[in-house]
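When we follow our numbering, the leftmost residue of the sequence shown carries the number 1, and every step to the right adds one. Cβ coordinates follow ideal geometry from the N, Cα and C atoms, glycine included. Here the structure is laid out as structure tokens; the discussion comes afterwards.
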Amino acid sequence: MNKEIKSVILAAGKGTRMKSNTSKVLHKIFGKSVLGYVLDSSKNIVSESFVIVGHHAEEVTAFVEKNYQNAKTVLQSPQLGTGHAVSMACPYLENFDGQVIILNGDLPLMTEDSIRKFIEYHNSKNSDLTIMSTILDDPANYGRIIREKDDSLKCIVEAKDASPEEISVKEINVGVYLLNWGKIKSAFSQLTTNNAQGEYYLTDIISWGKKNNLNVHAYILENSDESYGINSRKDLAYATKIMNERKLNSLMDNGVTIVDPSSTWISEDTEIGADTIIYPSTYIEGKNKIGKNCKIGPCAHLRGDVEIDDGCKIGNFVEVKKSKIGHNTNAGHLSYIGDSELGSHINIGAGTITANYDPISKTKSKTILKDNVKIGSNTVLVAPVEIGEGTNIGAGSVITKNIGEWALGITRAPLRIIENWVKNR
Ligand code: UD1
Ligand code: CA
């Protein structure tokens with residue numbers, strides 16, 4: 001057997017309880033889909049992934065093709081259960097002689113670290129087939145881990161098939177499996193549908209392995225939060241909360257001040273430098289990089305693809321999207337900065353808007369502000385537009401043309417004063 005690992009990710013299911021017109025695995029947490037988290041947690045470990053698609057196959061395939069070069073989608077139609085789903089990948093793995101990790105596509109909280117420990121455990125036990133389990137106070141609908149008298153793994157029983165004694169077990173099947181492929185692959189042509197749901201259960205490979213004298217193990221995941229599967233909107237909200245807490249704790253451990261963790265939301269893919277302060281009610285989604293000594297919020301909204309250099313201030317009700325901001329630049333109040341490139345030492349007055357979207361051509365354009373530009377309050381910068389170094393823009397202007405360096409740009413109706421107007425009315 002060689003050391004290569006490939007993955008099979010199960011994402012063909014309907015997700016009935018989401019009550020949605022979108023695939024369950026494309027629902028988003030902080031702007032990234034549930035399936036995106038699963039693919040990311042394993043992408044540094046595997047050489048290739050097979051994503052099994054079925055319900056909303058076109059959407060899921062488009063997502064995978066756009067974002068993951070080393071992943072292929074494989075259609076499962078009809079969807080006859082998790083075991084049937086894996087068998088769809090068998091033709092692609094016929095001559096593969098490494099390990100296959102199978103992941104349920106609805107596990108956004110699983111970390112790369114836990115997957116690595118799981119693989120180490122499998123190898124240290126010389127296991128042929130290892131499943132990941134965890135202990136839950138409320139094991140709900142999860143498959144139950146049934147052990148032999150000597151504590152070794154016996155089988156997995158789905159909640160719907162369980163006896164009263166089995167249903168009381170609190171150790172559950174997380175939905176992550178590691179297989180020495182050459183030894184297990186023939187199981188997938190031998191599964192049956194002899195169960196309460198009339199489906200081919202992936203979980204039956206444990207009993208199959210035992211029958212065929214293979215070495216099977218269960219690895220107990222310590223942090224059971226990571227096993228949380230998304231089946232409903234409530235699950236989605238809960239997973240977002242757990243992911244956020246995890247992120248805020250790690251930021252605080254690394255020197256970022258979070259004034260009020262209970263009202264602050266920051267995506268996993270956001271990096272923040274030390275001594276930056278995040279004020280309450282700030283929401284940060286997508287992938288972003290924020291430097292050191294910045295002040296963000298209160299009530300700031302960063303929407304992804306945002307890079308903010310050291311010493312910047314992004315104040316209240318400022319929204320930033322797909323923009324680069326140089327060091328010591330401030331946007332203190334009530335502004336929108338989108339598709340922009342801002343230099344350093346810029347001041348953006350209150351109420352400034354980059355008008356980046358043309359609703360007729362449906363295209364977006366760029367705003368470029370060079371170093372030391374000062375934008376007066378209530379300015380609209382109609383993109384595409386570029387303002388040269390040091391130029392000032394008068395308050396209330398609508399800027400529709402490029403302006404060079406060290407100039408003043410101003411578009412403003414002249415002020416009229418009509419004396420005694422109020423008295424004479
Ligand atoms: C499954 C496990 C259960 C485990 C739980 C963990 C089985 C039989 N049971 O149950 O032991 O505790 O996950 O969350 O595997 N899918 C397909 N094709 C299908 C059916 C499902 O691709 O034909 C995908 C789904 O999209 C989903 C994953 O497989 O991502 C799991 O399916 P789901 O229906 O959620 O399984 P559970 O009943 O939760
Ligand atoms: Ca599930």
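First and last residue of the uninterrupted alpha helix (DSSP H) at residue i
i	result
ILE101	Careful: ILE101 lies outside any alpha helix (DSSP H), inside the beta strand (DSSP E) at 99–104.
ARG17	Element bounds for ARG17: n/a, residue is neither H nor E.
THR82	82–87
GLU268	Element bounds for GLU268: n/a, residue is neither H nor E.
GLY349	Neither: GLY349 is in no alpha helix (DSSP H) and is coded neither H nor E.
VAL256	Premise fails: VAL256 is in no alpha helix (DSSP H) and is neither H nor E.
SER124	112–124
PHE63	57–67
LYS210	205–211
Residues near residue i by beta carbon distance below 6 Å, same chain, minus five either side
i	result
ILE410	GLY394 and SER397
ILE206	CYS155, ILE156 and VAL216
MET18	LYS24
ILE348	ALA331, SER335 and ILE375
THR240	ILE29
THR264	ILE258, ILE278 and THR282
ASN223	none
GLY105	ILE9, LEU10, ALA11, VAL25, LEU35 and VAL38
HIS122	THR130 and LEU178
ILE220	SER133
ASP305	LYS322
Residues near residue i by beta carbon distance below 8 Å, same chain, minus five either side
i	result
ILE399	THR379, VAL380, LEU381, VAL382, VAL385, ILE387, ILE393, GLY409 and THR411
ASP128	LEU179, ASN180, LYS183, ILE184, GLY209, LEU214, ASN215 and VAL216
Whole-number beta carbon distance between residue j and residue i, since they are thought to touch under 8 Å
i	j	result
SER227	THR130	With 8 Å as the limit, SER227 and THR130 do not qualify as a contact, their Cβ atoms being about 15 Å apart.
ASP97	TRP181	7 Å
ASP309	ILE296	In fact, because the Cβ distance is near 13 Å, the residues do not count as touching under 8 Å.
GLU9	LEU103	Before going on, a small fix: residue 9 reads as Ile here, not Glu. With 8 Å as the limit, ILE9 and LEU103 qualify as a contact, their Cβ atoms being about 5 Å apart.
ASN262	GLY286	Note on residue identity: the sequence assigns Ser, not Asn, to residue 262. At roughly 22 Å, the Cβ-Cβ gap does not stay under 8 Å, so SER262 and GLY286 are not in contact.
ASN426	THR270	An answer regarding residue 426 cannot be provided, because it is not within the stretch 1 to 425 covered by the chain.
ASP339	THR367	7 Å
LEU107	GLY229	6 Å
GLY315	ALA300	7 Å
ILE172	LEU202	That belief does not hold up - the Cβ atoms of ILE172 and LEU202 are roughly 15 Å apart, past 8 Å.
Own chain, CB closer than 7 Å to residue i, minus 5 neighbours either side, in chain order
i	result
PHE429	No answer is possible for residue 429: it lies beyond the span of the chain, which begins at 1 and ends at 425.
ASN402	VAL385 and GLU386
ASN44	GLU112
LYS160	ALA196 and GLN197
ASN254	ALA274
ARG233	MET18
Residue i - containing beta strand (DSSP E), residue span
i	result
VAL38	Not the beta strand (DSSP E): VAL38 falls in the alpha helix (DSSP H), residues 34–42.
GLU319	319–321
GLU386	385–387
GLY175	171–180
ILE167	Not the beta strand (DSSP E): ILE167 falls in the alpha helix (DSSP H), residues 164–167.
- Within the chosen definition, does the region 159–168 reach the region 69–77 through at least 3 CB pairs nearer than 8 Å? By the C-beta criterion, the region 159–168 is judged not to be in contact with the region 69–77, since fewer than 3 inter-stretch pairs fall below 8 Å.
- Task: Check whether the region 104–123 touches the region 142–160, counting contact only when three or more Cβ pairs, one atom from each stretch, lie closer than 8 Å.
- Result: No, they do not touch.
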